[in-house]
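Residue numbers (this note's numbering): 17 to 201.
Where a beta carbon is used, it is the ideal one built from N, C-alpha and C, also for glycine.
This report refers to the structure that appears directly beneath it.
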Ligand SMILES: CC(C)(COP(=O)(O)OP(=O)(O)OC[C@H]1O[C@@H](n2cnc3c(N)ncnc32)[C@H](O)[C@@H]1OP(=O)(O)O)[C@@H](O)C(=O)NCCC(=O)NCCS
């Protein structure tokens, strides 16, 4: 294994804050994307405000999160991010992922990026568990997470109000032993 940040479709990178900030500011203008990612009301950030935020975040030592960007192997196109937020006392981490370039949805790129994040979580950070939550109205993400090895563990019933109805928030997780069982070659 020469490069743990390289998958079959994507690689994980760390972008220059100016490049990343302008990409995130553009992605965040897509309300459907924002609503898939977050339960907060959709807010917009300017690229310069986002750059300030990212630069401040980079100064934190030790880092409180492992925030990677996702580039395609074929075209070297910056398409999204994946971030791990460890809770060291319990060897657990929350993970979040988003492909802001929506033309890449549904073609395996996100699952490949999540597999790389899990490899980093279990092989480099030596975590015991990785957790996430996802909204009921996001079946593509749920399926992608199941392909990466996550299991549904529970639901917060009717916790969201969107498009005139209530939706559940779904809790998913993967344990180290489950990941090892499928990735020990
Ligand atoms: C979630 C996300 C990272 C998944 O990555 P992706 O590259 O789109 O996912 P993949 O193509 O690897 O897998 C998607 C799977 O969902 C399936 N799918 C797509 N739309 C679906 C739907 N409406 N219902 C059920 N399954 C669906 C696809 O067929 C595929 O499964 P398959 O490989 O068995 O055919 C990406 O779609 C994304 O960033 N979306 C916008 C932001 C977001 O939702 N972030 C997650 C917040 S929790």
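Handout entry: Top-ranked residue by Cα proximity to residue 24, from 119, 132, 80 and 113
Key = 132
Problem - Closer than 7 Å: residue 111 CB and nearest ligand 1 heavy atom - result: no
Exercise for the section: Report yes or no: do the segment 104–112 and the segment 20–39 share at least 3 C-beta pairs separated by less than 8 Å? Expected result: no
Handout entry: beta-carbon residue 72 near ligand 1 non-hydrogen atom, thresh 7 Å
Key = no
Handout entry: Buried or exposed (CB count within 10 angstroms, at least 16 for buried), residue 179
Key = exposed
Handout entry: Of the listed residues 22, 27, 59 and 55, nearest to residue 40 (C-alpha basis)
Key = 59
Practice task
Return yes when at least one heavy atom of ligand 1 lies under 7 Å from the C-beta of residue 160, else no.
Solution key: yes
Practice task
Report yes if the C-beta of residue 23 is less than 7 Å from at least one heavy atom of ligand 1; otherwise report no.
Solution key: no
Exercise for the section: On a CA-only basis, which of 138, 160 and 146 is nearest residue 275? Give me that one, please. Expected result: The displayed coordinates of the chain run from 17 to 201. Any statement about residue 275 would go beyond what the structure contains.
Problem - residue 33 (DSSP reduced to helix, strand or coil) - result: helix
Problem - Nearest residue (CA-CA) to residue 156, options 123, 135 and 145 - result: 123
Practice task
May I ask which residues mark the beginning and end of the alpha helix (DSSP H) holding residue 193?
Solution key: 192–199
Problem - C-beta contact flag for residue 186 and residue 173 at 8 Å - result: no
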